[in-house]
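Peer 1: The structure that follows is given in the form of structure tokens.
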Amino acid sequence: MAEESQSNSPTVLRSINWREVFPFTNIFRGFRIAVHPSKLVLGLLALLSLYLGGRVMDAIWPTGSLANPGEIAAYQSFVDATPKADFSEKIKKDREGMEARYGSILRQAGILTDDAAIKEAAKKFARRSELESKRMWIANTAIEEAAKAKTKAIEEANKLDTEKKKKGIEDAEAAYKKAFLENKSEAGSDIAQLRRVVPEGIFKAFFEYEVQQVNGVAYAVWQNEWLAKGGVKDCVVNFFSVGPVWLWKYHTVYAVIFTVLFLLVWAVFGGAISRIAAVHVARDEKISVRQALRFSLNKVLSFIFAPVIPLVIVAIIGLVIAVGGLLLYIPVAGPIVVGAMFFLALTASVVITLVLFGTIGGFGLMYPTIAVEGSDSFDAISRSFSYVFARPWRMVFYTAVAIGYGAFTYLFVRFFVWIVLLVTHTFAGLFLSGAESGGTAYWFSQMWPEPGTFFSFKLPYEVNYAGLAWSESVASFLISFWVYLLIALVGAYAISYFLSVSTILYALMRHEVDATEMEDVYVEEMEDDLADIAPATPAAAPAASTFSPATIQGTTADVKPPEGQA
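Dropping the structure here:
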């Protein structure tokens with residue numbers, strides 16, 4: 001009877017573990033994990049390393065091999081309209097037009113008058129700083145003349161009666177303000193136009209285009225435009241195809257050098273972020289930056305070659321197919337042999353397709369595999385491919401949730417940085433005057449222009465150093481250093497979030513396919529011994545009354561207390 005009474009007793013449901021009921025909710029841990037300071041610092045170091053390396057390459061790269069302004073956007077439009085046409089011809093024609101316009105500007109400014117000298121300077125886009133300085137000198141000369149006219153007008157007004165005197169002074173001030181603003185505005189416009197005529201750095205063009213696509217993804221998610229033209233799908237495709245293809249196709253040598261730099265930086269800092277995220281996701285603990293970097297440096301070759309090996313396999317198999325196609329040059333027998341053995345080409349292409357699908361779908365799982373399992377690049381490829389092919393639709397769903405959630409958190413971080421910049425700019429210039437007459441407020445706005453609107457997606461800004469005195473130029477440079485360091489944190493968060501949420505996705509897919517608990521992670525002995533590993537969220541010691549029967553799937557089971565608290 002006692003057993004029957006116990007079996008008929010009501011079951012009490014004390015709580016629901018939503019992360020087990022709906023595993024995808026683990027993805028929402030991504031923001032909290034990504035904003036951890038150590039990951040942001042590593043993301044910032046990765047971003048700064050790539051940016052400084054790219055800008056140094058731009059500075060030393062031959063002018064004739066740099067990118068035309070807006071070249072990637074033009075390439076995208078050109079390929080969409082005429083996919084089989086040669087874009088290199090358009091690049092050549094655009095460059096010739098730029099050289100002609102630049103030579104015309106040199107002639108009009110009186111910098112050079114000899115045709116041969118102008119043509120030679122235009123090819124190298126030389127003497128640009130001289131052009132900018134002369135344009136500002138013309139504007140400043142006109143402003144000085146306006147100031148003299150203002151002084152003279154005020155002197156004349158002082159000779160009049162009170163009412164006419166006041167009006168005369170106001171008119172003189174208004175005329176000067178108008179001349180000041182018009183000359184500065186025209187000079188700034190001319191210098192901006194000059195910058196659109198000269199080539200820009202390859203990295204600068206590539207970096208700005210890729211950032212534009214990231215911003216486009218975030219904005220498209222906000223507008224709920226996933227599959228529409230210019231929506232999430234298009235921006236993701238552009239990020240991984242248009243920019244990289246343009247770089248490799250039309251700036252191949254540059255692409256090789258930059259890719260080596262990228263793989264090295266991404267392996268060291270990206271691997272370290274993945275390692276911190278792996279321990280954080282599995283054990284809710286944090287390891288130090290030093291430990292993470294030691295791990296990534298020990299596994300640097302695995303991190304480098306994990307995404308490279310599949311592409312090498314594709315290239316080798318593709319080369320074999322291409323070599324087989326050369327048999328068509330053999331008269332009579334060649335085409336027959338090719339036709340008879342064509343099934344081999346189809347089989348090889350099936351392998352290529354599977355490798356490409358696995359690489360595209362499992363790219364984000366490769367680094368987490370090495371970080372979580374402590375394994376090598378081959379295990380990273382094997383696991384990422386098997387998880388993608390075993391549960392493709394679940395992987396698609398998890399990825400969509402990660403993109404959507406990441407877009408909103410990215411916008412939040414960006415909004416936070418924008419508010420910080422706007423508040424700083426507002427209060428720093430609160431008591432400054434002379435915004436329309438060349439006073440301190442005007443020069444402050446020239447040293448640091450006011451941040452644009454939030455949805456303009458343009459936190460960076462340009463400074464016309466040619467229009468500033470040397471002290472103001474130094475001040476503007478120092479302001480830019482701190483402002484851009486803050487803006488770079490947005491990019492650091494994007495890097496940290498991508499690697500952190502990829503680690504979560506790996507843990508979810510591993511649990512789904514291999515039935516391995518998310519808490520299972522490879523831990524080095526030194527990591528267990530070092531004291532700087534602290535719980536991310538310290539748990540309070542449970543009271544003795546906490547240990548009571550709990551309901552699991554409709555049955556009653558005794559929950560044992562942790563060791564040492566029995």
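Numbering-wise (full-length UniProt numbering), the sequence shown opens with residue 1 and increments by one. Note that the Cβ used here is the ideal one computed from N, Cα and C, for glycine as well. Predicted, not measured: the structure shown is a model, and the values here were computed from it.
1. Distance check for A488 and G362, CA to CA, integer angstroms please.
2. Put E472 into one of helix, strand or coil per three-state DSSP.
3. According to the neighbour-count rule (16 or more other Cβ atoms, all chains shown, within 10 Å of its Cβ), is residue 569 buried or exposed?
4. Looking at C-beta atoms only, is the number of pairs between the region 280-292 and the region 514-525 that lie closer than 8 Å three or more?
5. Under 8 Å: do the region 240-254 and the region 106-116 share three or more Cβ pairs, one atom per stretch?
6. M366: which of N298, A34, F303, L48 sits nearest, CA to CA?
7. Quick check on A536: does DSSP put it in helix, strand or coil?
8. Identify which residue in W266, D171, R135 has its Cα closest to the Cα of S185.
9. Does DSSP classify K184 as helix, strand or coil?
10. Give the DSSP-derived three-state secondary structure of E200 in the structure shown.
11. Under DSSP, the alpha helix (DSSP H) around E132 begins and ends at which residues?
12. For E512, which three-state DSSP category applies?
13. State buried or exposed for G491, treating a residue as buried only when at least 16 other CB atoms are found within 10 Å of its CB.
14. Can you tell me the Cα-Cα spacing of P335 and L327, whole angstroms?
15. Which one of V513, L508, E208 has the shortest CA to CA distance from E20?
16. Quick one, are the C-beta atoms of residue 604 and L48 less than 9 Å apart?
17. Output yes or no for whether 9 Å exceeds the beta carbon distance between V513 and A428.
18. Could you give the DSSP three-state label for K229: helix, strand or coil?
19. Between which residues of its own chain and E450 is the CB-CB distance below 6 Å, once the five residues before and five after are set aside?
20. Cβ atoms of V300 and I287: under 9 Å apart, would you say?
21. Once DSSP output is grouped into helix, strand and coil, what is the label at A306?
22. Report buried or exposed for T503, applying the criterion of at least 16 other Cβ atoms within 10 angstroms of its Cβ.
23. Would Y497 and T369 be called neighbours here (beta carbons separated by less than 9 Å)?
24. Are the beta-carbon atoms belonging to P69 and F125 less than 9 Å from one another?
25. Please name the residue, chosen from S382, N464, G54, R128, that lies closest to R510 on a Cα-to-Cα basis.
26. Using the C-alpha atoms, what's the distance from D171 back to S433?
27. Measuring alpha carbon to alpha carbon, tell me which residue in N215, I202, A402 is nearest T25.
28. Nearest to L505 by CA position, among L421, T399, Y254, is which residue?
29. Is S133 a contact residue of the ligand MN, with contact defined as CB to any heavy atom under 8 Å?
30. Let me know the secondary structure DSSP gives E210 once reduced to three states.
31. Please classify E285: does DSSP put it in a helix, a strand, or coil?
32. Do three or more CB pairs link the region 186-195 to the region 207-225 at distances below 8 Å?
33. Taking the continuous alpha helix (DSSP H) assigned at E373, which residues delimit it?
34. Apart from the five residues on each side of it in sequence, which residues of its chain come closer than 7 Å, Cβ to Cβ, to S375?
35. Look up A205 in the DSSP assignment and say whether it is helix, strand or coil.
36. Here's a check: name, in chain order, each residue in its chain whose Cβ is nearer than 7 Å to the Cβ of P307, leaving out the five neighbours to either side.
Peer 2: On the basis of the data shown:
1. So the two alpha carbons sit approximately 28 Å from each other.
2. Looking at E472 - three-state DSSP - the assignment turns out to be helix.
3. Because the chain here runs from 1 to 566, residue 569 falls outside it and cannot be looked at.
4. In short, these stretches touch, since the Cβ pair count reaches three.
5. No: fewer than three Cβ pairs fall under 8 Å.
6. Of the candidates N298, A34, F303, L48, the one whose C-alpha sits nearest the C-alpha of M366 is F303.
7. Unreliable positioning characterises A536 in this predicted model, as indicated by a pLDDT of 46, which lies under 50. The coordinate reading is nonetheless provided below. In the structure shown, A536 sits in coil (DSSP, three-state: anything other than H, G, I, E or B).
8. A check of alpha carbon separations from S185 across W266, D171, R135 identifies R135 as the nearest.
9. DSSP places K184 in helix when its eight states are reduced to three.
10. Note: E200 maps to strand in three-state DSSP.
11. Under the DSSP assignment, E132 falls in the alpha helix (DSSP H) whose first and last residues are 128-157.
12. Note: E512 maps to helix in three-state DSSP.
13. Buried: at least 16 other Cβ atoms inside 10 Å.
14. Cα to Cα, the separation comes out at about 7 Å.
15. Minimum Cα distance to E20 is reached at L508.
16. Absent from the model: residue 604. The displayed extent of the chain is 1 to 566, so no value can be given.
17. Not in contact: V513 and A428 (Cβ atoms no closer than 9 Å).
18. Here K229 carries a coil assignment [DSSP, helix/strand/coil].
19. H425.
20. Cβ distance not < 9 Å, so I287 and V300 don't count as in contact.
21. Reduced to three states, the DSSP call for A306 is coil.
22. So T503 counts as buried.
23. Result no, Cβ atoms of Y497 and T369 do not sit closer than 9 Å.
24. Result no, Cβ atoms of P69 and F125 do not sit closer than 9 Å.
25. Measuring from the Cα of R510, the nearest candidate turns out to be S382.
26. One Cα belongs to S433, the other to D171, and the distance between them is close to 20 Å.
27. Put simply, of N215, I202, A402 the residue whose alpha carbon is nearest the alpha carbon of T25 is A402.
28. Residue T399 is the option with its Cα nearest to L505.
29. Ligands are entirely absent from the displayed structure, and the ligand MN is therefore not among its contents.
30. Note: E210 maps to helix in three-state DSSP.
31. Secondary structure of E285 (DSSP, three-state): strand.
32. Cβ pair count under 8 Å is below three, so no.
33. Per DSSP, E373 is one residue of the alpha helix (DSSP H) stretching across 342-373.
34. The beta carbon of S375 sits closer than 7 Å to the beta carbons of T369 from its chain, once the five residues preceding and following it are set aside; these are given in chain order.
35. Here A205 sits in helix by DSSP.
36. Only F363, M366 meet the Cβ criterion.
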